[in-house]
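Have a look at the structure below before the remarks.
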Amino acid sequence: MRVGVVTAHDAIQFMLVGLIVGAAIAKLFQLRFPVAETNRPAAVAMCAAIIFMGIATFQESMVVTDFLGRSLDTNISYAQRHTPAIISFACVRMAFVCWIWSPSRRRRRRMAMHFAVLVAVLAMRWSIAVVSSPHDAAAALAGDWTAAPWTTAAVLLYIVYVGSVFVATALMAWGWAREESIARRWTATGLKLIAASACGFFVYIGHKALFLLSAYTVGRPGYDPLAAERPILVTSVFLLVVGLGMPLVATGVPAVALLARQRVVYRKMGGMWLSLVRFRPDVVLMTWAPSWVPNRWIGFWEAVDIREMAFRLFRRVIECWDVVRCLRPHLDVSLRAWALTRARAELDEFAAAGVGDAVMLRVALTRARSGAAALEEAQRALTPAGLRELGQNASWWQRVARAWDHPLTLRLTAEVDARATVST
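Quick note on numbering: the numbering used here labels position 78 of the sequence shown as 60, and the sequence is numbered without any gaps.
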């Protein structure tokens, strides 16, 4: 392989790393929006672990390693390669602290302690890199550890810290995966993969320790340690990333799907909602668009903004019901029955019910605007029963919104308006 040339293997590795890191960043973006039963600190730490592991994997590719070696002194580039891996392992440990301990002063103390240990380890690692020489690190990378006392100290620090992290991680992940309190099967599987990954990393660290011990006691073993460690390291990284990703996917995919459904309902209700609130604009509490957005761009902003979508949908439903409450003196139950009968001749039952409600609401708006007399109590339509949850209300209003501008709805509304004009 020529120095500095990106091979097909490197390109595939870069694409996979980019995909994984991009997914973790997308999850971090999704965590900006509150989701029930989501441990946000643990999820953030898991995403950070994935991102830093992606950076570490990127730096371990042949072309990047060669670039770092040519751009920096060997002792500095070696510390640079260690840094994201150490941070990633620390994030895994912190994720489990956030997972196992509920929010409390005790958890904050533990997090502060682990963060302080991480800072101390990084400071020691970079201090060793600064005081050592490039020849020291080059000898270590070549396998001549007896000629690399400073880099040996750095690797021993790496072994002790990473080994302690993954012994604790393996025990906690495996023990927790077997708990009956784990509700999602994907989460339990992810924990088992994390435990297996921790065991793999411990084997990797153990090999480094044994190789160092052998080099200082009986002489350097007659094989390339990096070639022996690479399969273990690649397998362990793969298991760790997949294991961390499975709980995130188990919560993230349903959350994204729910957000998408809520956004669709919110958008489909837009035209009907606008027609209703034009009659009673006082029911609208506020718009979500910032004050600096021009009025002509508010509709576009509403279409692309996904912040607090569940609350916005809930409020839009409430605003529609507030207008319906004002229209109740003009909601004709017999008119809805007539429109439903006409619609059944052309549409299925679900769509016909939406047309019946839409025609009744449109005619009620017209009557209320014209100042028509209120209907007798017996003639007034009642609101649907059983709509207690947001999902049920959203489904009902989505059905009406679909029918709001339907050609049949407009035709039946025009017939009613024409009859009213003739009768007056």
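Glycine included, every Cβ here is placed at the ideal spot set by N, Cα and C.
Small disclaimer: the values here were computed from a predicted structure and weren't measured.
{"Check": "Just to confirm, are residue 416 and residue 305 a CB contact at a threshold of 8 angstroms?", "Outcome": "Only positions -17 to 406 of the chain appear in this structure, which leaves residue 416 out of reach."}
{"Check": "Put residue 476 into one of helix, strand or coil per three-state DSSP.", "Outcome": "Absent from the model: residue 476. The displayed extent of the chain is -17 to 406, so no value can be given."}
{"Check": "Using a Cβ-Cβ cutoff of less than 7 angstroms, which residues in the same chain neighbour residue 215 once the five nearest sequence positions on both sides are dropped?", "Outcome": "186"}
{"Check": "Assign residue -16 to one of two classes, buried (16 or more other C-beta atoms within 10 Å of its C-beta) or exposed (fewer than that).", "Outcome": "Here residue -16 scores only 43 on pLDDT, less than 50, and its place in the model is too uncertain to base an answer on."}
{"Check": "In this structure, does DSSP put residue -16 in helix, strand or coil?", "Outcome": "Confidence at residue -16 is low in this model, with a pLDDT of 43, below 50, so the placement of that residue is unreliable and no value is reported for it."}
{"Check": "What does a CB cutoff of less than 6 angstroms around residue 381 pick up in its chain, not counting 5 residues either side in sequence?", "Outcome": "336"}
{"Check": "Just mark residue 94 as buried or exposed, buried being the case when its beta carbon has 16 or more other beta carbons within 10 Å.", "Outcome": "exposed"}
{"Check": "Rounded to whole angstroms, what's the CA-CA distance from residue 102 to residue 134? Just pull it up for me.", "Outcome": "18 angstroms"}
{"Check": "Going by the CB atoms, is the gap between residue 79 and residue 89 shorter than 8 angstroms?", "Outcome": "yes"}
{"Check": "So, for residue 391: in the same chain, excluding its five sequence neighbours on each side, which residues have a beta-carbon less than 6 angstroms away from its beta-carbon?", "Outcome": "337, 340, 341, 385"}
{"Check": "How many Å lie between residue 209 and residue 241 at the Cα?", "Outcome": "46 angstroms"}
{"Check": "My understanding is that residue 68 touches residue 123, with C-beta atoms under 8 angstroms, so please give their C-beta distance in whole angstroms.", "Outcome": "With a Cβ gap of about 18 angstroms, residue 68 and residue 123 do not count as contacting."}
{"Check": "Can you tell me which of the three DSSP states residue 304 falls into?", "Outcome": "helix"}
{"Check": "Can the beta-carbon of residue 144 be found closer than 8 angstroms to that of residue 183?", "Outcome": "yes"}
{"Check": "With DSSP run on the structure shown, which of helix, strand or coil describes residue 118?", "Outcome": "helix"}
{"Check": "With distance defined between alpha-carbon atoms, name the residue in 348, 218, 37 nearest to residue 397.", "Outcome": "348"}
{"Check": "By a C-beta neighbour count over all protein chains shown, 10 Å radius and 16 as the cutoff for buried, is residue 254 buried or exposed?", "Outcome": "buried"}
{"Check": "Looking only at C-alpha atoms, which of 246, 46, 100 sits nearest to residue 379?", "Outcome": "246"}
{"Check": "On a Cα-Cα basis, can you pick out the residue from 236, 189, 310, 154 that is closest to residue 213?", "Outcome": "189"}
{"Check": "Could you give the residue range of the alpha helix (DSSP H) that holds residue 288?", "Outcome": "Taken as a continuous stretch (DSSP letters only), residue 288 belongs to no alpha helix (DSSP H), as it is neither H nor E."}
{"Check": "For residue 314, does the three-state DSSP call read helix, strand or coil?", "Outcome": "strand"}
{"Check": "Rounded to a whole number of angstroms, what is the C-alpha to C-alpha distance between residue 319 and residue 267?", "Outcome": "34 angstroms"}
{"Check": "Does DSSP put residue 200 in a helix, in a strand, or in coil?", "Outcome": "coil"}
{"Check": "Starting from the C-beta of residue 174, find all residues in its chain whose C-beta is less than 6 angstroms away, skip the five residues before and the five after it, and write them out in chain order.", "Outcome": "159"}
{"Check": "Counting only runs of 4+ residues fully inside the region 75 to 133, write out the alpha helix (DSSP H) ranges in chain order.", "Outcome": "87 to 113, 116 to 123"}
{"Check": "What separation, rounded to the nearest whole angstrom, lies between the Cα atoms of residue 298 and residue 151?", "Outcome": "46 angstroms"}
{"Check": "Is it true that the CB of residue 31 sits closer than 8 angstroms to the CB of residue 77?", "Outcome": "yes"}
{"Check": "Please confirm whether residue 70 and residue 38 have their CB atoms less than 8 angstroms apart.", "Outcome": "yes"}
{"Check": "Checking 8 angstroms against the spacing of the C-beta atoms, do residue 147 and residue 74 come in under that value?", "Outcome": "yes"}
{"Check": "Which class does residue 375 belong to by DSSP, given the choice of helix, strand or coil?", "Outcome": "helix"}
{"Check": "What separation, rounded to the nearest whole angstrom, lies between the Cα atoms of residue 154 and residue 130?", "Outcome": "36 angstroms"}
{"Check": "Alpha carbon to alpha carbon, what distance is there between residue 41 and residue 259?", "Outcome": "57 angstroms"}
{"Check": "Can you find a C-beta in chain C that's less than 8 angstroms from the C-beta of residue 384?", "Outcome": "Of the chains in the structure shown, none is chain C; there is only one protein chain."}
{"Check": "With distances taken Cα to Cα, identify the nearest neighbour of residue 136 among 58, 351, 50, 200.", "Outcome": "58"}
{"Check": "Could you check the C-alpha separation between residue 177 and residue 35 for me, to the nearest Å?", "Outcome": "16 angstroms"}
{"Check": "Between the beta-carbon of residue 61 and the beta-carbon of residue 107, is there less than 8 angstroms?", "Outcome": "yes"}
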